[in-house]
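Number of protein chains: 2
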Amino acid sequence: MALTQSSCNKAFGGEQKVFKHYSSVLKCDMNFGVYIPPQAASEKVPVFYWLSGLTCTEQNFVTKAGAQRYAAEHGVMIVAPDTSPRGCNIEGEDDSWDFGSGAGFYVDATEEKWKTNYNMYSYITKELPELINANFPADPEIKSISGHSMGGHGALMCALRNPGLYRCASAFAPICNPIHCPWGEKAFSGYLGSNKDAWKEYDSCELVKKYQGPPLKILIDQGLADTFYPHQLLPENFVQACSNNNLVSVTLRKHEGYDHSYYFVSSFIGDHIAFHTKC
Amino acid sequence: MALTQSSCNKAFGGEQKVFKHYSSVLKCDMNFGVYIPPQAASEKVPVFYWLSGLTCTEQNFVTKAGAQRYAAEHGVMIVAPDTSPRGCNIEGEDDSWDFGSGAGFYVDATEEKWKTNYNMYSYITKELPELINANFPADPEIKSISGHSMGGHGALMCALRNPGLYRCASAFAPICNPIHCPWGEKAFSGYLGSNKDAWKEYDSCELVKKYQGPPLKILIDQGLADTFYPHQLLPENFVQACSNNNLVSVTLRKHEGYDHSYYFVSSFIGDHIAFHTKC
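Each protein sequence line maps, in turn, to chains A and B.
The first sequence begins at 1 in the UniProt record's numbering and counts up one residue at a time.
The second sequence begins at 1 in the UniProt record's numbering and counts up one residue at a time.
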């Protein structure tokens, strides 16, 4: 699991780095960003995993979210991976902006064409944390997870499938009920096939029904000027699903005038990092 | 002076917008970003002009600096123009990354080939403020100016040439003495010709010698891991020049480990906006 450092920039007293490595579960090279806060010079620090949305690479969050300031303030490491395998020479992998490259959807594919490489679920929940814990001053016991849009789906779903793995979860404009929205239907049918029972294993609204484990706190922010809100994101479905499980408490904040962009993420990422610190 | 809005994104309670307009002094279309803080809904607010560096457009500062948070906190409007005329069909305008497009150097060109379009000095100090004051809730009496690298040169130079126009000035890694560095020599010889007396009219170290006007406070931040620092930026020359003029007080802060990137700018832009508010 050799890492190659692609860049290092000092920011807010810590270091924003980008690394490349060969992923054994994705069978390709992957990039991820890691912000190492100043506190990590003297102690192991909690890790905040960030999952980005459709079309993004590891760069979007790193350059646009302005999260380093808050990470330095709270002494949190931020790990921001790319959103899919890349360059796997799979026919059609670059044909769509919402499927294939840049759109891994954080599942482990079962369809023949994709299953060798498109295993982002295992990458995010297993291979990447092992890599981080082995190579950086990360406290392996204190992880949390957040993300945006497709990455918000990934964050909620990874937390619900792995009770106790993350101390809490949060999301910006997450795809909350992918089995019932166009983006999710396209991705899940492509990666998982036509059996919709298999889809439910990656759908947060379904997963929360059977969640058993330590109490889980979830914060969701949603912009009301987000053009994807009504038909792709469906946060109310998730709030409704959580209302039937006392172990999961969700706070959904709706923000007048905010859209789906990183301007929205940057405006509230400070609240999320503070939430993850306190929860 | 019609403005066309290209984008609008809510951020930190205010609005980050980008506009296109035809510039009469540059004889081409220009883009600029403007962040309108929430306070502008009820009162006219001070304006912070930001001049970007070589190769940048209006987007770099807007997307990477994270300045909106501080502008919202202090109730300041931020105006971030592009760095040169574009698409003027001047032979060679796109041949270099440090001359022509993306490299206007904030001067009014006198060389025949460039003088029709390359009048960024007049654009920044006259046309753009008139446009802002006429179209936005800007307090026309409270302006300040800052910038990065080539834009840091622009900020210092515009403030020193126009006593009283800006309430203060600041800069990140500015080109402080362009007549004595490779970037400045290339740009000034290209835009202004071979007469070095003309160059002095745009050199901050020269301008500070003859500055007469209200006391001017200047804040400069310089990263010590900035590879351009020793031979292109020369901030010590500027500090030395200021020491002979009691009307200009400069604070030069040197930061261990910081480079020339927007990670450096983002780390200290909050200090600069606070400085401009208090000075």
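The beta-carbon is built from N, C-alpha and C at its ideal position, and this holds for glycine as well.
The model shown is predicted, which means the values in this text are computed figures rather than measured ones.
Continuous alpha helix (DSSP H) stretch holding residue i: start and end
i	result
A/C242	P235 to C242
A/I273	Y262 to K278
residue 290 of chain B	Here chain B comprises residues numbered 1 to 279, so residue 290 of chain B is not present and cannot be evaluated.
A/L169	Residue 169 of chain A is actually Ala in this sequence, not Leu. Note, A/A169: premise wrong, no alpha helix (DSSP H); beta strand (DSSP E) at A169 to F172.
B/T63	Q59 to K64
A/K200	K196 to K200
B/L252	No alpha helix (DSSP H) holds B/L252; the beta strand (DSSP E) holding it covers V248 to H255.
B/N135	L128 to N135
B/L207	S204 to L207
8 angstroms contact criterion, which residue i and residue j should meet: CB distance rounded
i	j	result
B/H153	B/P178	6 angstroms
B/L51	B/I124	7 angstroms
A/Y262	A/N60	7 angstroms
A/V250	A/I218	4 angstroms
A/G66	A/I269	7 angstroms
B/K64	A/T63	5 angstroms
Endpoints, beta strand (DSSP E) assigned at residue i
i	result
B/K217	L216 to G223
A/V50	Here the sequence assigns Trp to residue 50 of chain A, which means Val is not the residue at that position. Here the beta strand (DSSP E) through A/W50 covers V45 to L51.
A/P81	M77 to P81
A/N9	L3 to A11
B/H21	G14 to S23
residue 283 of chain A	No information on residue 283 of chain A is available, as it lies outside the stretch 1 to 279 that chain A covers here.
A/D139	A138 to H148
B/K186	Careful: B/K186 lies outside any beta strand (DSSP E), inside the alpha helix (DSSP H) at P182 to L192.
Alpha carbon of residue i to alpha carbon of residue j, nearest angstrom
i	j	result
A/P182	B/M30	39 angstroms
A/V79	A/S194	33 angstroms
A/K113	A/V47	33 angstroms
A/H272	A/S170	7 angstroms
A/Y166	A/E185	27 angstroms
A/S23	A/E127	8 angstroms
B/D139	B/H180	37 angstroms
B/A225	B/A173	11 angstroms
A/S267	A/H260	12 angstroms
B/K44	B/P81	20 angstroms
B/R274	A/F19	Looking at the sequence itself, residue 274 of chain B is Ala, so the reference to Arg does not match. Rounded to whole angstroms, B/A274 to A/F19 spans 34 angstroms at the Cα level.
B/S189	B/H21	29 angstroms
A/I220	A/L252	5 angstroms
A/E201	A/N237	16 angstroms
A/P137	A/K143	13 angstroms
A/Q39	A/M77	9 angstroms
A/A111	B/H231	The sequence as given places Glu at residue 111 of chain A; Ala does not occur at that position. Cα-Cα distance, rounded: 57 angstroms.
residue 283 of chain A	A/E206	Absent from the model: residue 283 of chain A. The displayed extent of chain A is 1 to 279, so no value can be given.
B/Y258	A/A109	42 angstroms
B/S6	B/Y35	13 angstroms
A/N133	A/S42	16 angstroms
A/S96	B/C56	30 angstroms
A/G164	A/Y229	29 angstroms
B/P11	A/G223	Sequence inspection shows Ala at residue 11 of chain B; the Pro mentioned does not correspond to that position. Whole-angstrom Cα-Cα distance: 11 angstroms.
B/K278	A/K278	34 angstroms
Residue i and residue j closer than 7 angstroms at C-beta
i	j	result
A/I145	A/Y49	yes
A/S204	A/L156	yes
A/S122	A/V25	yes
B/H276	B/C168	yes
A/G102	A/M120	no
A/F99	A/A187	yes
A/Y118	A/Y191	yes
B/V239	B/L160	no
A/G33	A/E58	yes
B/T116	B/K196	no
A/G75	A/P129	no
B/N89	B/L3	no
Contact test: residue i Cβ vs the ligand SAH heavy atom, cutoff 6 angstroms
i	result
B/M150	Absent from the structure shown: the ligand SAH. Ligands present: none.
Pairs of beta-carbons, one from the region 14 to 30 of chain B and one from the region 58 to 72 of chain A, closer than 8 angstroms: are there three or more? Short answer: they don't touch.
With three or more C-beta pairs closer than 8 angstroms as the rule, is the region 243 to 258 of chain B touching the region 206 to 218 of chain B? Cβ pair count under 8 angstroms is three or more, so yes.
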